[in-house]
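Input: a single structure, listed below in structure tokens.
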């Protein structure tokens, strides 16, 4: 699939060239294990990882990574925390990360099967593209389509979707591979992402890869 190619409107007619597709697994880390388990994404994402890898697609792991001293911590002020609780005297804004770089809590969930020959993408901001090697690695591989799973949906996934779209990548968000607060997740999957990119399931993406003609 190349830039400018008209893709069928119906998911059951789509083709995805695995050699030009990259799966980006976003922040499915030990630190966020509870969210992944609550959303039920570990099994579907592992199936997608294995399926993409076996079909020849690039697999990348975007993961939070911060200095323990907080020197690279985001300074932007927000009104509420990740549970939408207002900051105040009883809930002060954080001035540093919960863990430092190298902490086991920043490791990818073991069940997902990250391998040394995959692409490891440590990041310091929400977008998987900001200040990382992801764009360079994608272009070096000839990948023009990014498949995204992980979370949080309305935070890191959304930030990465917008960045990828503005860099002229094709973007596919996997609806059964997302984490985050349910109201925001549903809103983005149903109302926001369909206007920005494509929203598909694990099965639809793997089937689209299988439909792509091999030489």
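Residue numbers (the numbering used here): 98 to 312. From the three backbone atoms N, C-alpha and C, an ideal C-beta is built for every residue, glycine too.
- Nearest C-alpha to residue 163 among 308, 202, 112, 138: 202.
- Approximately 7 Å separates the beta-carbon atoms of residue 113 and residue 302; this is inside 8 Å, confirming the contact.
- Sorting 274, 119, 242, 289 by C-alpha distance to the C-alpha of residue 137 places 274 at the top.
- When Cβ pairs closer than 8 Å are counted between the two stretches, the segment 233 to 240 is seen not to touch the segment 203 to 211, the count staying below three.
- In this structure, residue 252 keeps its C-beta atom at 9 Å or more from the C-beta atom of residue 120.
- Pairing residue 177 with residue 277, the inter-Cα distance amounts to about 15 Å.
- Collapsing the DSSP output to three states places residue 214 in coil.
- For residue 139, the enclosing alpha helix (DSSP H) begins and ends at 139 to 151.
- When the beta-carbon positions are compared, residue 214 and residue 193 stay at least 9 Å from each other.
- Assignment of residue 232 by DSSP, reduced to helix, strand and coil, places it in the helix class.
- The three-state secondary structure of residue 300, taken from DSSP, is helix.
- In the three-state reduction of the DSSP assignment, residue 185 falls in the strand class, which pools E and B.
- A direct Cα-Cα distance of roughly 28 Å separates residue 173 from residue 287.
- The C-alpha of residue 110 is placed about 26 Å away from the C-alpha of residue 257.
- By the Cβ neighbour-count rule, residue 226 is buried, with 16 or more other Cβ atoms within 10 Å of its own.
- About 7 Å separates the beta carbons of residue 309 and residue 115, which is inside the 8 Å limit, making them a contact pair.
- When only Cα atoms are considered, residue 133 and residue 118 end up about 24 Å apart.
- Closest by C-alpha distance to residue 168, out of 229, 265, 197, is 197.
- In this structure, residue 297 places its C-beta atom within 9 Å of the C-beta atom of residue 272.
- About 5 Å separates the Cβ atoms of residue 261 and residue 243, confirming a contact at the 8 Å cut-off.
- If you look at residue 159, you'll find it in the beta strand (DSSP E) that goes 155 to 161.
- Between the alpha carbons of residue 204 and residue 131 lies a gap of roughly 14 Å.
- Burial check for residue 128: the Cβ neighbour count within 10 Å reaches 16 or more, so the residue is buried.
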